[in-house]
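Notes for the one structure printed next.
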Ligand code: ATP
Ligand code: MG
Ligand code: FE
């Protein structure tokens with residue numbers, strides 16, 4: 001079977017082709033227009049999706065050497081995400097499925113972030129066994145997920161306010177860095193001392209997280225330091241970034257450790273945009289080695305938004321014959 005998948009939930013327009021579980025292409029057009037506004041502007045995002053989608057799909061099919069008429073199904077991101085952005089991908093997928101008279105598959109974007117772990121780029125690659133715990137960390141979500149089967153996942157803990165990706169981006173904004181600031185904090189943190197400035201760890205009951213406090217703590221810290229020395233940020237950027245990153249990573253790993261202890265599960269994965277963070281990847285590998293966990297870390301290409309993960313989720317649903325009709329509409333808020 002050959003499947004075309006489309007992702008358009010936020011500010012990446014992406015298309016991917018999969019044949020029998022193998023990814024043949026994964027084309028991603030990122031929208032750079034948002035940088036100057038310091039965040040994603042929904043109206044501009046949907047317009048950019050409209051501009052990119054035909055080209056991105058054509059390129060995905062061409063790179064995979066697959067003709068439209070070879071397709072067995074179309075998968076698309078139904079939610080969660082920005083309504084206007086989701087509408088572009090959903091409408092395109094529906095029209096494509098109708099025109100080719102092939103089944104349509106709706107995919108939950110957060111489920112797809114987790115299922116990115118089942119993309120095998122080589123036959124030797126290990127994939128997680130069930131059950132495993134996935135820490136999904138992205139621009140809009142921070143979730144601890146217990147994964148019992150490809151299509152059977154349960155959120156056992158989550159953020160009660162900001163997502164950790166948001167905490168990275170908002171902290172970066174306070175430092176005067178462009179959007180999205182997460183990757184830049186990661187870059188400067190590599191050259192800094194993570195213990196230079198101890199920021200407070202905020203806690204929540206059970207397996208939940210809170211990230212809004214750290215942003216405020218950083219804001220007051222920078223205000224006070226800049227009063228004493230106007231060039232404080234420029235002089236200490238690496239140390240500040242390393243300290244912010246260290247604090248956020250510690251908050252994530254603390255709850256992850258609690259989840260592993262409480263469930264008794266020994267396999268752990270990370271997913272979502274923030275799983276590209278070097279501090280998180282390295283600290284988790286160290287912690288896993290110490291605790292005797294088997295750790296799964298996605299390839300960079302499959303951390304941030306991409307259609308290959310939508311294709312993989314679509315492939316699992318295809319096997320279960322989980323198709324939807326032409327009356328399906330996007331769901332900006334969609335639970336796992
Ligand atoms: P969601 O998946 O919750 O709907 P999203 O799709 O916008 O949100 P992703 O594309 O998965 O999120 O991730 C984007 C986020 O990942 C941004 O907040 C970005 O700053 C962050 N990010 C990407 N790379 C890194 C990195 N190396 N270090 C820290 N954060 C990073
Ligand atoms: Mg994005
Ligand atoms: Fe995402």
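Residue numbers (UniProt numbering): 1 to 336. Glycine included, every Cβ here is placed at the ideal spot set by N, Cα and C.
Label residue i either buried or exposed according to how many other C-beta atoms from any shown protein chain fall within 10 Å of its C-beta, with 16 as the threshold for buried.
| i | result |
| --- | --- |
| residue 101 | exposed |
| residue 94 | buried |
| residue 148 | exposed |
| residue 62 | exposed |
| residue 326 | exposed |
For ligand 3, any of its heavy atoms closer than 7 Å to the Cβ of residue i?
| i | result |
| --- | --- |
| residue 182 | no |
Given residue i, which residues of its chain have a CB within under 6 Å of its CB, disregarding the five upstream and five downstream residues?
| i | result |
| --- | --- |
| residue 312 | 115, 118 and 119 |
| residue 304 | 273 |
| residue 213 | 202 |
With DSSP as the reference, label residue i as helix, strand or coil.
| i | result |
| --- | --- |
| residue 297 | coil |
| residue 153 | strand |
| residue 158 | strand |
| residue 206 | coil |
| residue 59 | helix |
| residue 282 | helix |
| residue 241 | helix |
| residue 164 | helix |
| residue 195 | coil |
| residue 22 | strand |
| residue 333 | coil |
| residue 7 | strand |
| residue 328 | coil |
| residue 176 | coil |
| residue 108 | strand |
| residue 226 | helix |
| residue 31 | coil |
| residue 308 | helix |
What does a CB cutoff of less than 8 Å around residue i pick up in its chain, not counting 5 residues either side in sequence?
| i | result |
| --- | --- |
| residue 215 | 162, 167, 170, 171 and 174 |
| residue 336 | 108, 110, 111, 143, 145, 153, 154 and 155 |
| residue 229 | 235 |
| residue 231 | none |
| residue 292 | 266 |
| residue 297 | 269, 270, 275, 281, 284 and 285 |
| residue 337 | Not covered by the structure: residue 337. The range shown for the chain is 1 to 336. |
| residue 47 | none |
Between residue i and ligand 1, is the CB less than 7 Å from at least one heavy atom?
| i | result |
| --- | --- |
| residue 38 | no |
| residue 9 | yes |
| residue 165 | yes |
| residue 162 | no |
| residue 236 | no |
| residue 29 | no |
| residue 246 | no |
| residue 297 | no |
| residue 214 | no |
| residue 168 | yes |
Please work out which residues of its chain come closer than 7 Å, Cβ to Cβ, to residue i, disregarding the five sequence neighbours upstream and downstream, and give them in chain order.
| i | result |
| --- | --- |
| residue 330 | 78, 79, 83, 86, 87 and 90 |
| residue 193 | 239 and 242 |
| residue 207 | 144, 156, 157, 255, 258 and 259 |
| residue 316 | 115, 150 and 151 |
For ligand 3, residues whose Cβ lies under 5 Å from any non-hydrogen atom: Counting every residue whose Cβ lies closer than 5 Å to a heavy atom of ligand 3, we get 138 and 305.
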